[in-house]
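Okay, structure first, notes after.
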Amino acid sequence: MASNGCTMLMFLCCCFFARLYVLQVAEGANNVTYDSRSLIIDGERKLLISASIHYPRSVPAMWPGLVKTAKEGGIDVIETYVFWNGHEPSPGNYYFGGRYDLPKFVKIVQDAGMLLILRIGPFVAAEWNYGGVPVWLHYVKGTVFRTDNEPFKYYMQRFVSYNFLFQVENEYGFYEAAYGEGGKAYTQWAAKMALSQNIGVPWIMCQQWDAPYPVINTCNSFYCDDFKPAYPTMPKIWTENWPGWFKAFGGRSPHRPPEDIAYAVARFFQKGGSVQNYYMYHGGTNFGRTSGGPFITTSYDYDAPIDEYGLPRFPKWGHLKELHRAIKLCEHALLNNEPTLVNLGPQLEADVYEDESGTCAAFIANLDDKNDKTVEFRGGSYTLPAWSVSILPDCKTVVFNTAKVGSQTSTVEMVSERLQSSMTSPNKDMKAVSWEIYVEKAGIWGKPDFTRNGFVDHINTTKDTTDYLWQTTRLFVDENEEFLTEGNNPMLLIESKGHALHAFVNGILQASAIGSGNFTSPVSLKPGENEIAILSMTVGLSSAGPFYEWNGAGLTSVKLQGLKNTLDLSNATWNYKAVVDAPPGDEPVALDMLHMGKGLAWLNGEQIGRYWPLTAPTDNCVETCDYRGKFSYDKCDKGCGEPTQRWYHVPRSWFKPEGNVLVLFEEKGGDPSQIMFSRRKVFCAHCIDH
Numbered sequence: 001m002a003s004n005g006c007t008m009l010m011f012l013c014c015c016f017f018a019r020l021y022v023l024q025v026a027e028g029a030n031n032v033t034y035d036s037r038s039l040i041i042d043g044e045r046k047l048l049i050s051a052s053i054h055y056p057r058s059v060p061a062m063w064p065g066l067v068k069t070a071k072e073g074g075i076d077v078i079e080t081y082v083f084w085n086g087h088e089p090s091p092g093n094y095y096f097g098g099r100y101d102l103p104k105f106v107k108i109v110q111d112a113g114m115l116l117i118l119r120i121g122p123f124v125a126a127e128w129n130y131g132g133v134p135v136w137l138h139y140v141k142g143t144v145f146r147t148d149n150e151p152f153k154y155y156m157q158r159f160v161s162y163n164f165l166f167q168v169e170n171e172y173g174f175y176e177a178a179y180g181e182g183g184k185a186y187t188q189w190a191a192k193m194a195l196s197q198n199i200g201v202p203w204i205m206c207q208q209w210d211a212p213y214p215v216i217n218t219c220n221s222f223y224c225d226d227f228k229p230a231y232p233t234m235p236k237i238w239t240e241n242w243p244g245w246f247k248a249f250g251g252r253s254p255h256r257p258p259e260d261i262a263y264a265v266a267r268f269f270q271k272g273g274s275v276q277n278y279y280m281y282h283g284g285t286n287f288g289r290t291s292g293g294p295f296i297t298t299s300y301d302y303d304a305p306i307d308e309y310g311l312p313r314f315p316k317w318g319h320l321k322e323l324h325r326a327i328k329l330c331e332h333a334l335l336n337n338e339p340t341l342v343n344l345g346p347q348l349e350a351d352v353y354e355d356e357s358g359t360c361a362a363f364i365a366n367l368d369d370k371n372d373k374t375v376e377f378r379g380g381s382y383t384l385p386a387w388s389v390s391i392l393p394d395c396k397t398v399v400f401n402t403a404k405v406g407s408q409t410s411t412v413e414m415v416s417e418r419l420q421s422s423m424t425s426p427n428k429d430m431k432a433v434s435w436e437i438y439v440e441k442a443g444i445w446g447k448p449d450f451t452r453n454g455f456v457d458h459i460n461t462t463k464d465t466t467d468y469l470w471q472t473t474r475l476f477v478d479e480n481e482e483f484l485t486e487g488n489n490p491m492l493l494i495e496s497k498g499h500a501l502h503a504f505v506n507g508i509l510q511a512s513a514i515g516s517g518n519f520t521s522p523v524s525l526k527p528g529e530n531e532i533a534i535l536s537m538t539v540g541l542s543s544a545g546p547f548y549e550w551n552g553a554g555l556t557s558v559k560l561q562g563l564k565n566t567l568d569l570s571n572a573t574w575n576y577k578a579v580v581d582a583p584p585g586d587e588p589v590a591l592d593m594l595h596m597g598k599g600l601a602w603l604n605g606e607q608i609g610r611y612w613p614l615t616a617p618t619d620n621c622v623e624t625c626d627y628r629g630k631f632s633y634d635k636c637d638k639g640c641g642e643p644t645q646r647w648y649h650v651p652r653s654w655f656k657p658e659g660n661v662l663v664l665f666e667e668k669g670g671d672p673s674q675i676m677f678s679r680r681k682v683f684c685a686h687c688i689d690h
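Reading the sequence shown from the start, the letters are residues 1 to 690 in full-length UniProt numbering.
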């Protein structure tokens with residue numbers, strides 16, 4: 001990894017111990033230290049603006065464009081997690097191909113002349129399935145995740161050593177107390193393991209308030225201007241600035257205004273920050289079954305500056321680009337001088353960085369979240385909108401104000417078109433796509449895998465090799481049962497640990513349920529033999545929390561009121577298959593799944609991911625978002641009454657010129673004739689020529 005004249009500079013970052021490798025391109029960085037002001041690389045202080053781009057959440061064909069767009073946006077550093085369960089799918093078997101080709105991703109960043117931060121975890125959270133830890137590790141005897149547990153520490157250290165020397169953990173400070181003395185011991189062990197490598201570079205822990213010296217603790221939040229490191233000799237580092245938020249099926253769509261993001265970043269550097277990372281700068285896609293949660297959508301767009309499809313999101317991307325340029329104009333003054341705080345009035349202040357040579361930079365802030373204000377500063381008059389920061393690289397001229405968006409704006413449309421039957425299809429003479437439909441019988445046919453009294457835990461049974469687990473039972477209904485003549489259907493009562501289920505009686509869908517708890521539904525039974533079949537489903541495994549690996553799923557109780565017997569559940573599914581041509585053009589492509597139910601999709605064997613056009617609540621959305629004032633993830637929600645995710649990203653590199661095979665595994669039924677490809681087109685609403 002450090003070949004071709006490049007040197008890895010390793011810090012410990014992420015949240016709790018995630019080790020950072022910073023890849024210095026061109027001339028290798030031979031010495032990395034820090035002082036109270038910044039990281040120091042080869043004797044020179046550095047102010048770094050970093051962007052999270054997770055390599056498996058896009059495809060290799062997209063990586064050069066993503067890195068290029070980030071660099072054009074004023075980014076110095078590309079940051080990514082390293083995903084343990086993607087790289088070690090079974091014990092001792094390592095994989096670095098396809099979307100997990102980390103060496104290729106590193107080389108692309110290197111060729112762009114940028115720095116690289118690897119947050120190796122190996123626990124990553126990140127709304128990723130099982131927090132990035134392989135499911136097989138849960139079934140190694142005696143293993144408890146993320147505490148002073150010998151099996152867990154052994155496999156964690158083996159993975160880190162195999163790939164990247166050493167690293168540890170992520171956001172452990174939130175959960176350490178839940179593990180008691182074992183948590184504290186684990187923190188100390190992780191730090192000792194990292195520091196003992198003597199690699200000659202700093203290590204950091206994010207959200208780890210008791211990080212052992214000399215490990216640097218860092219901040220994750222929407223705002224980190226008030227954050228202070230644990231020791232006065234350490235620099236102020238912001239490892240996760242959230243420019244948006246993730247989505248869950250059935251939820252609204254979060255949005256963070258660019259004015260507020262810029263305000264938070266400017267305030268961080270105004271108050272002495274030196275390294276800031278956007279989580280995420282490009283969110284991407286949870287292809288296949290990689291999303292965690294549970295219920296995290298296949299889209300991980302995150303309302304990021306680069307959207308899920310790899311396109312700059314205007315005006316957010318452009319506004320932050322101008323912010324980065326303004327901050328870089330102040331770099332020398334910021335990193336080589338102590339600030340002087342100037343009180344300019346109620347909720348008005350300036351931080352001034354200057355030296356005797358005449359170098360001077362100032363940040364003037366209006367902290368009032370309602371009122372614009374005019375201030376006098378060094379003989380000049382400056383008007384600041386509410387909740388904004390003005391940047392003056394020479395202490396005289398305002399080159400940027402966080403609330404004044406001068407970047408171009410644009411609108412994005414998903415332009416739909418019918419699927420076109422491929423020339424290689426047996427139905428090539430037909431204008432519309434003809435689907436080959438395979439209908440599965442609801443429940444278990446043939447010999448069951450096993451039979452037992454009572455229920456099993458879904459996750460322990462499937463080991464996360466599939467989302468689905470069938471459970472069936474039979475009962476005999478006497479023809480003299482009263483409900484048959486009175487017209488009162490029996491009630492099926494189900495208790496479940498989640499995540500979702502479909503219940504069938506005699507092959508007919510009776511009810512569906514989401515989440516955990518108790519569910520009740522009337523069911524139609526006939527005289528004589530009846531089969532009740534329940535399809536239990538997982539929708540991404542838990543990705544964080546104390547002892548999260550012990551969270552179960554599946555049925556715990558099924559009862560049928562109106563009869564004397566207690567019964568089980570069932571579900572029916574359909575498979576659809578079609579051969580299609582790629583849509584024309586070079587715009588990003590998505591599948592429009594509005595008219596389907598719930599399931600999984602593939603193109604040419606590549607897993608597009610879970611689809612589920614579940615509708616969001618109809619309330620608590622905003623028409624216009626007021627950027628002023630503290631932001632929370634649900635402050636500026638959009639998409640009320642609409643599907644949380646209607647379109648599903650299909651990378652163009654997955655298409656062949658013709659003969660593309662699109663396969664859907666549909667659980668509930670739907671209308672596949674209404675499935676369309678959509679091309680993502682950007683139209684400039686307010687364009688600026690530079």
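Just so it is clear, CB atoms sit at the ideal spot from N, CA and C, and this is done for glycine as well. In this text, all values refer to a predicted model and were calculated from it rather than measured experimentally.
Determine which residues share a DSSP beta bridge with residue i and list them.
i           : result
residue 143 : For residue 143, which the question treats as bridged, DSSP gives no partner whatsoever.
residue 418 : 676
residue 222 : Paired residues: none, contrary to the question.
residue 609 : 601
residue 537 : 468 and 500
residue 643 : 615
residue 282 : 53 and 306
Restricting to Cα atoms, I'd like to know which of the options is closest to residue i.
i           : options               : result
residue 654 : 619, 128 and 607      : 607
residue 626 : 369, 195 and 37       : 369
residue 355 : 332, 376, 130 and 347 : 332
residue 148 : 139, 176, 160 and 134 : 176
residue 40  : 131, 682 and 335      : 335
residue 251 : 634, 457 and 663      : 634
residue 651 : 672, 662, 309 and 550 : 309
residue 645 : 596, 657 and 509      : 596
residue 631 : 144, 258, 211 and 202 : 258
residue 702 : 468, 473 and 436      : Here the chain covers residues 1 to 690 and nothing more, so residue 702 does not appear.
residue 196 : 180, 207, 214 and 181 : 214
residue 507 : 535, 486, 238 and 347 : 535
residue 488 : 433, 509 and 561      : 561
residue 283 : 297, 303 and 295      : 303
residue 638 : 495, 244 and 49       : 244
residue 53  : 583, 107, 279 and 529 : 279
residue 731 : 582, 142, 532 and 663 : Outside the displayed span of the chain (1 to 690) sits residue 731, for which this structure offers no information.
residue 375 : 456, 403 and 345      : 345
What whole-angstrom Cβ distance do residue i and residue j have, given they're in contact under 8 Å?
i           : j           : result
residue 365 : residue 389 : 5 Å
residue 300 : residue 57  : 6 Å
residue 511 : residue 503 : 5 Å
residue 102 : residue 82  : 7 Å
residue 544 : residue 131 : 6 Å
residue 275 : residue 238 : 7 Å
residue 384 : residue 401 : 7 Å
residue 413 : residue 681 : 5 Å
residue 624 : residue 642 : Contact flag wrong, Cβ pair sits at about 17 Å.
residue 347 : residue 329 : No, residue 347 and residue 329 are not in contact; Cβ-Cβ is about 26 Å, not under 8 Å.
residue 233 : residue 36  : 5 Å
*Assess, as a yes-or-no matter, whether the segment 88-96 is touched by the segment 254-266 under the definition of 3 or more beta carbon pairs within less than 8 Å.*
The answer is no - the segment 88-96 does not touch the segment 254-266, with fewer than three Cβ pairs under 8 Å.
*Okay, do the segment 284-297 and the segment 598-612 touch, 3+ Cβ pairs below 8 Å being the bar?*
Judged by Cβ distances under 8 Å, the segment 284-297 makes contact with the segment 598-612, as three or more pairs qualify.
*asked:* Tell me whether the segment 69-83 and the segment 106-121 touch, counting them as touching only if at least three CB pairs, one residue from each stretch, are closer than 8 Å.
replied: In the pairwise beta carbon analysis, the segment 69-83 is classified as touching the segment 106-121: at least three pairs are separated by under 8 Å.
*Which whole runs of the beta strand (DSSP E) in the segment 254-280 are 3 residues long or more, in chain order?*
With a minimum length of 3 residues, there is no unbroken run of beta strand (DSSP E) contained wholly in the segment 254-280.
*Curious, which full-length beta strand (DSSP E) runs of at least 3 residues does the segment 45-73 contain?*
Fully enclosed beta strand (DSSP E) runs of 3 or longer: 48-53.
*Return the chain-ordered ranges of every beta strand (DSSP E) run that is complete within the segment 295-323 and spans a minimum of 3 residues.*
Whole beta strand (DSSP E) segments, 3+ residues: zero.
*Does the segment 310-327 touch the segment 338-351, meaning 3 or more C-beta pairs lie closer than 8 Å?*
In short, these stretches do not touch, since the Cβ pair count stays below three.
*Quick one: complete beta strand (DSSP E) runs, 3+ long, within the segment 513-537?*
Taking only runs of at least 3 residues, the beta strand (DSSP E) segments lying wholly in the segment 513-537 are 517-522 and 528-537.
*Which whole runs of the beta strand (DSSP E) in the segment 91-134 are 3 residues long or more, in chain order?*
You should have 115-119.
*Can you give, in chain order, each stretch of the beta strand (DSSP E) that sits fully within the segment 374-422 and has at least 3 residues?*
Qualifying beta strand (DSSP E) stretches, in chain order: 380-384, 388-392 and 409-418.
*Okay, do the segment 519-529 and the segment 490-497 touch, 3+ Cβ pairs below 8 Å being the bar?*
Under the Cβ criterion (8 Å, minimum of three pairs), the segment 519-529 counts as touching the segment 490-497.
_Entirely enclosed beta strand (DSSP E) segments - the segment 328-382, minimum 3 residues_ = Complete beta strand (DSSP E) runs here, min 3: 340-345, 348-354, 360-366 and 373-377.
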